[in-house]
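Asks: Protein chains in written order, with numbering that gives the first Met the number 0: chain R, 0 to 349; chain G, 0 to 319; chain D, 0 to 325; chain V, 0 to 385. For glycine and all other residues, C-beta sits at the position ideal for the given N, C-alpha and C.
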Amino acid sequence: MMTDVVAPVARLSARGLTRHFTTRVPGRILAAKRVTRAVEDVSLDLVAGRVTAVVGESGSGKSVLARMLARIVTPTSGELFLEGNAIALRARRTLDYAAQVQLVLQDPFASMNPVHPVRHSLERPLLIHGAHKAEVDELARSVLARVALDPPDRFLDRYPHELSGGQLQRVSIARALCVQPSVLLADEPISMLDVSVRLGILNLLKGLADHERLAILYITHDIASARYLADETIVMYAGQVVERSPGTVLIDEPAHPYTQLLIASVPDPSGAARVDRGAGESRPFVRAEEGCAFALRCPHATSRCRHECPPAFVIGEGHVSRCWLHADQAPASSDLATPGRQREGEATKT
Amino acid sequence: MKTLRLPRSPKVLLGLGIVGFFIIMTVVGPWLAPDNPSSTAFPALLGPSAHHWLGTTSLGQDIFSQLLVGARATMVVALVAGLVATLLSMVIGVSAGYLGGVSDDGLSLLSNVFLAIPGLPLLIVIDSYLPVTSRSNEFVIGLIISLTGWAWGARVLRAQTMSLRNRDFVEAARIIGESRRRIMFTEIAPNLLPVLASSLLFTVLYSIGAYVTLAYIGLTSTAVWNWGTMLYWAQANNAPLSNEWYWFVPPGTCIALVGTGLALLNFGIDEFINPRLRAGGLSSRQRRSLGLPRRTRLGLTPVLRPRAPRGAPRRNVVSS
Amino acid sequence: MRMILRRIGLYALTAWVAVTVNFVLPRLMPGNPVQTLIGKLTGQVTPNEIRAIRLSFGMGFHEGLLAQYGTYLNQLAHGNLGISITLGAPVSSILRESVPWTVGLIGVSTVLSFLIGTFSGAILGWTRGSRFDSLIPTATFFQAIPYFFLGTVMLLIFGSNLHWFPVLGAYSANVTPGWNWAFVGSVIRYGELPVISIVLSSVAGWMLGMRNMMITMIGEDFVLMAVAKGLPRRKVIWHAARSAVLPSIANLSLAIGLVVSGALLVELVFNYPGVGDLLLQAVLNEDYPLIQGIFLVITFTVLAANLLADLVYLGLDPRTRSEAAV
Amino acid sequence: MSTSRVDVGDRLERHGATPARESTPSARAFVLEVSDLSVHYGVDANMVRAVHDVTLNVRRSTVLGVAGESGSGKSTLVYALTRLLRAPGVISGGQAILNVSSPDDPTQVTPVNLTTASERELRRVRWSHVSIVLQSALNALNPVRRIGREFDEVLRTHRRSLSRSDRRRRAAELLALVGLEPDRLDRFPHELSGGQRQRTMIALALALDPELVVMDEPTTALDVVTQREIITELAELRSRFGFAMIFITHDLSLLVELADEIVVMYAGSIVERANAGELYAAPRHPYTLGLLESFPPLHGERRELTGIAGSPPDLAAESVGCSFAPRCPFAMDRCRAESPPLAPLGDTGRSVACWLHTEHSVVPVPAPLARRWTVPSGPAAPGVSR
């Protein structure tokens, strides 16, 4: 359905996506409200054939971001463009959008209905998206083959509890592929799986990007797996993008103190050098009302960090970091500092 | 769909047997009755005998016939009330749980109010205003009982639906573009089946109690034979104080047996819903043959065939 | 705090619903039974009494429905529940005599039943698989027996045949009511059998519920940790039971309604001078003012008991204190 | 720190046990000796063999890492040997011996056979000598109790002589060890963050100065940064107090950093046992190799990795031969017919259960499984006892 474009065109673009949740302050009689800024001003482009990795710890807002992109969660503000066309975010998600953008959830055991066999999970999306009854069996088999569940007969009539985690996650990916999407969002697809089958899933995703030209968003807390896959890497902290770079530049040369801390924390038997880590009792993800979100844990924090939120500074080709340490660099217009690509994308839109 | 497979425990089998027996009695009871339950053709207050298995009343009616005929009205009312109440609780509970927001607030409030009002007194008030013709109609009585008995089920179903609504497989169905209605009926509803079944058992149990009670205090037509009216007449004629046990013990025992059967079935459903309640694998016969203790105590994992330790002269205490 | 306010709001609403049901019901029924009743009564009682009855139903003379409702609420607010047709006395003063008996009987039975049931349920849950398990079918059977039937059987066996307990009434005819030992002793003696009947009927519910929760709790990690800490067995059981009892208490408020319903009939069986016996008389005589008065009093009492149970729960579960639950 | 510990040996003796007064060298060296331990779930046709014939020893003051995936039996193993495994778990063979040392004279060691001990005896060694930290501290702490009560209860049960204020002071001390403020004692578990709860559990585990602490995936539920902080703290605490640890995790790379010795489990059996550094530098079992290759590296060239093909085995099914054979790239006919025993690998001090490494194997060992290593200067000697 897509004609091949020479320049990498963003299939799904987000501009300034923001999501705030209001929660009641517990224990108060009068409903005092507290605003949680789950995602704040995130922009990204998902490009055909490329894997964009979003790395963050729990509470960083990465899952909410994926749900906004899948339009399961409505953004508080921001814009979405599918194939360059602006999406009306207040309106209901159309079936057409579901056919373009699919989301794979984290827990393969929970994301399959225990009362239905695998067949149901695959035939429903096919039927919803206009396949004929006569062909669904054939299509379901072929999509199972695409995720390397061979032979399909062994899996089609199994119930979820009869399959292993890795197999279920493949079924889950197959379910998403049934609708022939152009964008695949994967929310921590390997974190619930056994170590030995994780690479299988990662390689499957990589194959979908390389051979089937899907635009893939890979969300993870495991920065090493991001390094394995990513064509672009984004690090989030407390709802904000703190660092982003093409490829895995930011993993090899982390600039933001949070990215440095994250990398230093990963168990690494090869024993590379360690960076300083924040001292004292680790603090929960409470965002400071003003200033840099990471200031409370940052070993380099100055009074400026505590009072002024840093903008994104360009520190290399497409590499930006939201930290005052880089104040000598030029600030980026938005944290989406991929000028080349964006210009080409806009050119095709007009 | 393997949504509800009851564990084959003795409890469940016994429950099935009891409930099955009374269902058969409901269907064929009136035909099997040897005499017309209202006929006063026999001598009064005969004790149990070959002719009158359960004796006769003070008016000379055959008690055994009353028992057989009375089963039908009792069970019909219980079933009508149980089904209607379960339907009500499903509609209200599931909608509240799935829709959330304002509709949830409203519907939960409604069921909480009905939960807080004591059921029987309300039932008595409503019933006492009913015209006598309606009091003899099993369906009217059943409907009124269901009005006071749906709230508990609605509350349980709401909680269950809410927890299902947030499950990943429901979100996954939403992501592929499944419609709301289909998510309700094909994704969520099958998972609610065990809870629904349990709720049905409870409302039937409640309804039997409520109906029999109404009849016992004379608020249903005394001309309709059910187990409650039998108790009413027995009480009215001071049977308990006159040692005429054969008059009031049989209907009371039948009520208790039906209730026990339903409750036993519910054990099976409970074990299905909450796996921790299932017995842990070993039957008591297996345990005995393996020399294991009758039950496993927490923090004392049983040890099978303790092998003599090799080498060092260590203690060889027989384990518990 | 939020939770308590919400519960109070709920109960206030429930009370209002009950009051309104009382008002609406007679008007909904075909042929307005109250009108019929008053028609029947004309000539039997004084016009003044008829006026009082009409007022308590909100039936002034030529008023619209809303004005009738206003009159009804106003009467209620002044504690005027009308005049009993059969007894010829104000309903409120009749109730003042019988309510204490009921509250005493049901209160004592409920507390006893809850304590015994919860305790034995905890033991049953802990010793699952042991000989005690054979108690479960028996308990299930007792749970299924209607309260009044069990009461009748108890009366027959232990009262009229074995003469272990005095039967019928709340105290011996030989004592004078008042705060004297003879009277109190007699009340206790006469209360024994009714209390035992109610406890026997209701204890199985608590027991089985607690057993299930206990088994569920034993499956939790923190109970296993209590064992791993080398705590004595009684402390381990306490760890599990302390958490397992919470749902029982949460359900207490719901169960009170059921227990009250059942216990009213036990009063009837034992001729106990509480509202149960009164209710039966009222029903048989179609004494609507009395029926309604009893219904309202029972409802208000149950609601008060519910609130008490909620407060206990709040005190026992720290999580509800910080989260805005229910 | 442990002023009031009564001599456990004396107490055990009074209750009919006959402690070995003359401590053997192995008892002095190892805090825990497990031999041929097997565990089943259920005993009938549907029985699941969760652990079979596991033999391992934990040297005093060292960390034994147990690595494995779900279903490998790693958790079952430690729950069984502490007799905490729930029904329908049954220990079907073998034994576990805890060598309890006297606080007055560390050379005096009393072996306690955990697999034959009575409830009373178990209660005496639990927490005083072996304590446990579980994966989810939220579930492991009683939700309706303040943190302080958990400490108080343990101290009151096992340290009778401490007064109420002593116990409170000790609890605050313990929290300080893991970097928590004493005001946390008055909090409920749900009021703490995940990292704080896990720190609380660790402090609680150290309350009685035990000789062995079992950690069942203590950091799996935590973020990497918090995991790093806790691992660092654990290492410091261990060097300060000298307790031994069994650390269970699916994260082999974490173990390589933390553990002295590692056993790798697959389908209920130990497939390889070696010093941590050696295991990482030169794995000998194909599964260990596959597992190490399953972690994408943080440094160096990006290259395609394959992980391990196939799915973990179904333990309920009866299997013939090596349980890893269906997924093994080097599987031979013999592997499918015969299960390899865990055997010493020459005189290297490590063991492996693989036919490729038997002396009489005609097949040459594949190159990835024949890497050489230089013996690192780790704290623990290669751990073979007999």
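So, under 8 Å CB-CB, Arg320 of chain G and Ala109 of chain R are touching, yes? Tell me the CB distance rounded to an integer number of Å.
Replies: In the structure displayed, chain G extends from 0 to 319; residue 320 of chain G sits before or after that span and is not available.
Asks: Identify the contact partners of Asp167 of chain G in chain R, using a Cβ-Cβ distance below 7 Å as the criterion.
Replies: Leu104, Asp106, Ala109, Ser110
Asks: Residues bridged to Met244 of chain V by DSSP?
Replies: V:Val62, V:Val212
Asks: Cutting at 8 Å between CB atoms, please list the residues of its own chain near Pro397 of chain V, excluding the five before and the five after it.
Replies: Past the edges of chain V, shown from 0 to 385, lies residue 397 of chain V, and the structure says nothing about it.
Asks: Go through the region 45-107 of chain G residue by residue and report every complete run of the alpha helix (DSSP H) that reaches 4 residues or more, in order.
Replies: The qualifying runs are 62-98.
Asks: Quick one: residues in its chain with C-beta nearer than 7 Å to the C-beta of Ile182 of chain G, no 5 flanking neighbours on either side, listed in chain order?
Replies: Val169, Ala172, Arg173
Asks: Using the beta-carbon of each residue, which ones in chain V are nearer than 9 Å to Arg241 of chain D?
Replies: Asn141, Val143, Arg144
Asks: Of all Cβ atoms in chain V, is any one closer than 7 Å to the Cβ of Leu204 of chain R?
Replies: no
Asks: So what does Leu81 of chain R bridge to, in DSSP terms?
Replies: Bridge partners of Leu81 of chain R: R:Leu11, R:Asn84.
Asks: Would you call the region 20-38 of chain V and the region 230-238 of chain V touching, i.e. three or more CB-CB distances under 8 Å?
Replies: Contact fails: fewer than three Cβ-Cβ distances are below 8 Å.
Asks: So, does the CB of Thr19 of chain D fall closer than 7 Å to a CB anywhere in chain G?
Replies: no
Asks: Would DSSP call Val311 of chain D helix, strand or coil?
Replies: helix
Asks: Measuring CA to CA, which of R:Gly55, R:Val114, R:Asp40 is closest to Leu79 of chain R?
Replies: R:Asp40
Asks: If you measure from the beta carbon of Ser224 of chain R to each beta carbon in chain V, is any gap under 7 Å?
Replies: yes
Asks: Could you tell me the boundaries of the beta strand (DSSP E) in which Phe312 of chain R lies?
Replies: 312-315
Asks: Are the Cβ atoms of Leu176 of chain R and Val142 of chain R separated by less than 7 Å?
Replies: yes
Asks: Identify whether Ile28 of chain R lies in helix, strand or coil by the three-state DSSP scheme.
Replies: In this prediction, Ile28 of chain R has a pLDDT of 49, which is less than 50 and means its spatial position is unreliable; what the coordinates show is noted afterwards. Ile28 of chain R: coil per DSSP, three-state reduction.
Asks: Considering only C-alpha positions, which residue in the set G:Met89, G:Val124, G:Thr147 is nearest to Leu289 of chain D?
Replies: G:Val124
Asks: Name the chain G residues that come within less than 9 Å of Arg153 of chain R, Cβ to Cβ?
Replies: Neighbours of Arg153 of chain R on chain G: none; closest Cβ ~19 Å, over 9 Å.
Asks: Express the C-alpha separation of His19 of chain R and Ser97 of chain D in angstroms, rounding to a whole number.
Replies: Each residue's CA atom was taken as its position, placing Ser97 of chain D and His19 of chain R some 59 Å apart.
Asks: Exposed or buried, which one is Val5 of chain R when buried takes at least 16 other CB atoms within 10 Å?
Replies: The predicted model places Val5 of chain R with a pLDDT of 41, which falls under 50 and marks its position as unreliable, so this point remains unresolved.
Asks: On the criterion of 16 or more Cβ atoms from any shown chain inside 10 Å, does Leu184 of chain V qualify as buried, or is it exposed?
Replies: buried
Asks: State yes or no: is the beta carbon of Gly208 of chain G nearer than 7 Å to at least one beta carbon in chain V?
Replies: no
Asks: Ala52 of chain R lies in the beta strand (DSSP E); which residues open and close that run?
Replies: Where Ala52 of chain R is concerned, the enclosing beta strand (DSSP E) starts and stops at 50-54.
Asks: Count the other C-beta atoms from every protein chain shown that fall within 10 angstroms of the C-beta of Asp250 of chain V, then say buried if there are 16 or more, exposed otherwise.
Replies: Buried is the call here.
Asks: Going by DSSP, which residues form a beta bridge with His255 of chain R?
Replies: For His255 of chain R, which the question treats as bridged, DSSP gives no partner whatsoever.
Asks: Determine the contact status of Phe113 of chain G and Ala150 of chain G, defining contact as a CB-CB distance below 7 Å.
Replies: yes
Asks: When you compare only the Cα positions, how much space is there between Met153 of chain D and Leu192 of chain D?
Replies: 7 Å
Asks: Are there three or more Cβ pairs, one per stretch, closer than 8 Å when the region 85-100 of chain V is compared with the region 295-303 of chain V?
Replies: no
Asks: Starting from Pro330 of chain R, follow its DSSP beta bridges and name the residues at the other end.
Replies: Pro330 of chain R is bridged to R:Phe312.
Asks: Does Ala271 of chain R come out as helix, strand or coil in the three-state DSSP assignment?
Replies: Confidence at Ala271 of chain R is low in this model, with a pLDDT of 46, below 50, so the placement of that residue is unreliable and no value is reported for it.
Asks: Under the assumption that Ala324 of chain V contacts Leu341 of chain V (Cβ atoms under 8 Å), give the Cβ distance between them as a whole number of angstroms.
Replies: That belief does not hold up - the Cβ atoms of Ala324 of chain V and Leu341 of chain V are roughly 16 Å apart, past 8 Å.
Asks: For Gly46 of chain G, count neighbouring C-beta atoms within 10 Å of its own C-beta (all shown protein chains included) and say buried if the count is 16 or more, exposed if not.
Replies: exposed
Asks: Using a Cβ distance threshold of 8 Å, determine whether the region 240-254 of chain V contacts the region 55-66 of chain V, with at least three qualifying pairs required.
Replies: yes
Asks: Which ranges does the alpha helix (DSSP H) cover as unbroken runs of at least 4 residues, wholly within the region 171-247 of chain R, from first to last along the chain?
Replies: Along the length of the region 171-247 of chain R, whole alpha helix (DSSP H) runs at least 4 residues long occupy 194-211, 222-228, reported in chain order.
Asks: Consult DSSP for Ile7 of chain D and reduce its assignment to one of helix, strand or coil.
Replies: helix
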